[in-house]
Amino acid sequence: MKTETVQLDPKKKRDREHLRAFVQSCLRRAVPDDTYTYKFINDIVRNDPAFSTGTDGFAAHPKHEVKVQIASDGTVLAHVESGYSIKSKSTLDNLFSPGSQLPNMKVAHDTDRYAKEGQGWLKGWSEFNYTDYIRDVGSSIAELHEGTADEDWRQRLIEENPRLVKVKYGSMVGNQLPHFLRLSPRPEQVQRQDYDFFSQFISRRAMMPDEKYDYSKSFFESLSRLPVIDLEFEPGPTNHPYKRINVREQNTRLVFSGDQQSNTPSSGLREYGVYASPGRYRVGLLTPSQWEETLQELTPLLVKGLNSIGAPAGVTGYHYDLGDISNYTPVAHEIRSETDAVVAVVPNKGAADDFGIDDPHHELKRTLMRKGIPTQMLQKSSAQELIKQRATPNNDKFLNILSAIVAKAGGTPWQVDSLPGKTDAFMGLDVTRDSESGQHSGASASVVLADGTTFAAESTTQQGGEKFAARHVEQFVRDLVVDFAEGQEREINRVCIMRDGKVHEDIDAVREGLSELDAEIDIVGVRKRGQPRIADYNGTRFKIAYKGMAFVDTDRDEAIIHGFGKPEIRDDNPVGTPQTFKLVRHSGPTDIETLARQAYWLSEVHVGSPAKSPRLPIPIEYADKAAEYVRKEYVSPGKVIEGPAYI
1 MKTETVQLDP
11 KKKRDREHLR
21 AFVQSCLRRA
31 VPDDTYTYKF
41 INDIVRNDPA
51 FSTGTDGFAA
61 HPKHEVKVQI
71 ASDGTVLAHV
81 ESGYSIKSKS
91 TLDNLFSPGS
101 QLPNMKVAHD
111 TDRYAKEGQG
121 WLKGWSEFNY
131 TDYIRDVGSS
141 IAELHEGTAD
151 EDWRQRLIEE
161 NPRLVKVKYG
171 SMVGNQLPHF
181 LRLSPRPEQV
191 QRQDYDFFSQ
201 FISRRAMMPD
211 EKYDYSKSFF
221 ESLSRLPVID
231 LEFEPGPTNH
241 PYKRINVREQ
251 NTRLVFSGDQ
261 QSNTPSSGLR
271 EYGVYASPGR
281 YRVGLLTPSQ
291 WEETLQELTP
301 LLVKGLNSIG
311 APAGVTGYHY
321 DLGDISNYTP
331 VAHEIRSETD
341 AVVAVVPNKG
351 AADDFGIDDP
361 HHELKRTLMR
371 KGIPTQMLQK
381 SSAQELIKQR
391 ATPNNDKFLN
401 ILSAIVAKAG
411 GTPWQVDSLP
421 GKTDAFMGLD
431 VTRDSESGQH
441 SGASASVVLA
451 DGTTFAAEST
461 TQQGGEKFAA
471 RHVEQFVRDL
481 VVDFAEGQER
491 EINRVCIMRD
501 GKVHEDIDAV
511 REGLSELDAE
521 IDIVGVRKRG
531 QPRIADYNGT
541 RFKIAYKGMA
551 FVDTDRDEAI
561 IHGFGKPEIR
571 DDNPVGTPQT
581 FKLVRHSGPT
591 DIETLARQAY
601 WLSEVHVGSP
611 AKSPRLPIPI
621 EYADKAAEYV
631 RKEYVSPGKV
641 IEGPAYI
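Per full-length UniProt numbering, numbering through the sequence shown is continuous, rising by one, with the last residue being 647.
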């Protein structure tokens with residue numbers, strides 16, 4: 001037998017990928033299949049539930065997502081993200097009798113009885129039974145199930161010959177056996193079907209750092225020894241190979257009225273007021289004509305609130321009639337042309353269906369945006385809550401609304417003073433996917449100034465996939481960075497392109513397309529999900545960490561950044577362990593530590609969220625919003641939107 005030896009060097013990125021793939025393969029075989037259900041190590045579900053309620057309800061099973069990394073010195077790192085996976089405890093035949101009313105709910109194949117995975121929407125009872133010949137299918141469903149369904153179940157059901165249900169799979173409606181279907185555990189369905197379980201799930205899913213660590217540790221302790229390689233994992237927290245930095249050492253970089261500085265957006269707005277008011281501006285308050293009292297009570301709240309943060313405005317009330325969508329389209333033309341922003345009060349989500357009317361949210365936002373008027377949507381329950389509390393800027397929800405109004409009307413709620421590094425402009429790239437059509441929409445958002453306050457967005461036409469064409473990136477830089485910066489009389493010498501997720505694009509092609517731009521280019525990827533958590537550890541227990549912590553690995557050009565934590569949340573506030581995001585440097589002159597510092601401070605200037613940081617740098621956050629606006633047809637592809645109208 002001929003053998004061949006290949007030596008891999010973990011200092012090289014490609015070799016690290018080979019090592020990672022090999023360790024993952026071994027780790028997958030070390031997971032005991034009598035304890036867990038899994039195909040891949042990023043979706044491992046324990047067979048025994050952690051908790052459940054009711055006989056026909058749902059169960060929460062411990063779930064683990066494992067990722068393997070290889071440090072440049074060859075050390076193997078394993079990250080386990082622990083949570084819960086919800087499973088329905090009953091198939092549809094136990095929940096509904098033949099001929100009874102079926103809800104319009106999402107259902108999934110029960111893979112314990114049926115080998116073929118799938119999910120779709122329940123569309124009522126079928127006219128066929130299990131053994132009936134179906135012309136469009138060319139056989140009966142019983143015959144189709146041979147070889148894919150549990151044979152004992154199939155034979156039993158052939159004798160019973162139960163009635164089928166209709167299920168919409170994508171664009172096709174098919175017939176399926178209710179005995180092989182479970183309710184898909186969408187949160188709203190779980191809430192309607194089993195409220196006791198839903199309440200327990202909501203309270204327990206946001207695991208605090210100690211509990212999350214215990215879950216992850218117990219998973220590793222359940223593994224058998226890895227095959228092939230002599231390697232054992234040691235459960236425990238580690239910073240290897242990252243260097244810890246405190247980005248908020250200068251925690252008063254945020255600037256407000258009179259150049260006063262504060263360490264959080266909320267405290268700065270409350271104590272000093274906005275950095276720059278829009279000047280003389282007018283806000284429209286739009287409410288259904290049936291809610292006249294809401295209009296009368298909310299108007300003075302807005303006036304007083306805007307005054308108190310140093311951005312006084314005139315507020316004019318308008319009405320619209322709830323009903324058909326045709327009622328909402330003309331509303332935009334009734335708003336006075338000098339209106340700079342509109343606060344639109346709409347029914348709570350789902351309430352329109354209960355009353356047999358069209359939901360006004362989408363149409364009002366679409367028509368007002370197309371007229372060039374940015375909107376701040378406000379659900380009825382939120383408006384009533386603010387009125388009942390006689391809200392002031394000390395109310396977090398109200399402060400968010402006030403700061404968004406100021407920004408959308410052309411003001412600057414706050415700035416970042418002296419952003420680290422030499423970068424003049426930041427451009428975010430994001431591709432969003434419509435879950436219904438499967439179509440991708442491309443978008444770009446730019447923060448042109450290094451203080452994070454002057455920005456614009458532009459969206460492409462529909463994308464064919466997750467990858468931007470180099471010509472689109474070139475177009476974005478030209479339209480958003482060069483043209484927009486010239487309009488601001490700013491000189492651009494260095495641009496940082498932040499790509500949401502993995503950088504799928506050909507970096508050389510992108511750089512070639514930007515070669516005529518007289519500026520240096522940084523290209524980084526921003527990974528939003530599945531990154532290691534950051535927590536304070538005193539050697540015994542974990543606590544929620546302060547935001548602004550970052551861990552930098554210069555050898556691999558990546559950093560893990562903690563953009564949300566204390567002081568915005570307290571240890572006794574059960575909101576769970578905040579997520580982090582990863583920054584990966586692909587190209588450019590700026591070092592990874594400086595990029596990490598920049599990315600953090602860019603998460604501190606989301607003008608619509610002073611009370612709680614959105615965790616992500618705003619070029620990414622705003623790119624996602626801009627793409628969503630195109631997908632929902634609020635704006636047309638290719639249109640440049642100046643300012644934060646799309647947040």
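Even for Gly, the Cβ is constructed at its ideal location relative to N, Cα and C.
Run of the alpha helix (DSSP H) containing residue i, from where it starts to where it stops
i	result
residue 648	No statement about residue 648 is possible, as the shown extent of the chain runs from 1 to 647 and does not include it.
residue 200	195-205
residue 319	Per DSSP, residue 319 belongs to no alpha helix (DSSP H); it is in the beta strand (DSSP E), 314-320.
residue 375	Premise fails: residue 375 lies in the beta strand (DSSP E), 375-379, not in any alpha helix (DSSP H).
residue 370	361-370
residue 84	Where residue 84 is concerned, there is no enclosing alpha helix (DSSP H), although the beta strand (DSSP E) it sits in stretches over 76-88.
residue 624	618-631
residue 293	292-308
residue 491	It is not in any alpha helix (DSSP H) - residue 491 carries neither H nor E in the DSSP assignment.
Segment limits, beta strand (DSSP E) that includes residue i
i	result
residue 59	58-70
residue 725	Beyond the ends of the chain as shown, which are 1 and 647, falls residue 725; an answer cannot be given.
residue 129	119-129
residue 134	Run containing residue 134: none; DSSP gives neither H nor E here.
residue 587	581-587
residue 525	520-527
residue 560	558-562
residue 168	163-169
residue 95	Per DSSP, residue 95 belongs to no beta strand (DSSP E); it is in the alpha helix (DSSP H), 92-95.
residue 173	172-176
Inter-residue Cα distance where the pair is residue i and residue j
i	j	result
residue 422	residue 515	19 Å
residue 291	residue 380	9 Å
residue 383	residue 282	20 Å
residue 196	residue 86	14 Å
residue 472	residue 458	11 Å
residue 302	residue 165	52 Å
residue 131	residue 174	15 Å
residue 552	residue 241	8 Å
residue 312	residue 390	18 Å
residue 112	residue 425	53 Å
residue 615	residue 368	29 Å
residue 490	residue 417	17 Å
residue 189	residue 109	16 Å
residue 12	residue 364	54 Å
residue 260	residue 488	24 Å
residue 510	residue 518	15 Å
residue 624	residue 153	46 Å
residue 535	residue 181	41 Å
residue 496	residue 521	6 Å
residue 352	residue 20	51 Å
residue 139	residue 170	22 Å
residue 148	residue 637	45 Å
residue 256	residue 248	17 Å
residue 525	residue 428	10 Å
residue 208	residue 225	29 Å
C-beta atoms of residue i and residue j nearer than 9 Å
i	j	result
residue 387	residue 297	yes
residue 58	residue 89	yes
residue 600	residue 617	yes
residue 122	residue 103	yes
residue 555	residue 72	yes
residue 322	residue 360	yes
residue 500	residue 620	yes
residue 543	residue 562	no
residue 162	residue 144	no
residue 374	residue 645	yes
residue 64	residue 48	no
residue 550	residue 597	yes
residue 484	residue 640	yes
DSSP beta-bridge partners of residue i
i	result
residue 18	Answer is none; residue 18 lacks a bridge partner.
residue 105	According to DSSP, residue 105 bridges with nothing at all.
residue 139	134
residue 415	255
residue 114	149
residue 546	566
In chain order, which alpha helix (DSSP H) runs of at least 4 residues are fully inside the region 257-281? 265-271
Report the residue ranges of all beta strand (DSSP E) runs contained in full by the region 30-56; include only those spanning at least 3 residues, in chain order. 36-38, 44-46
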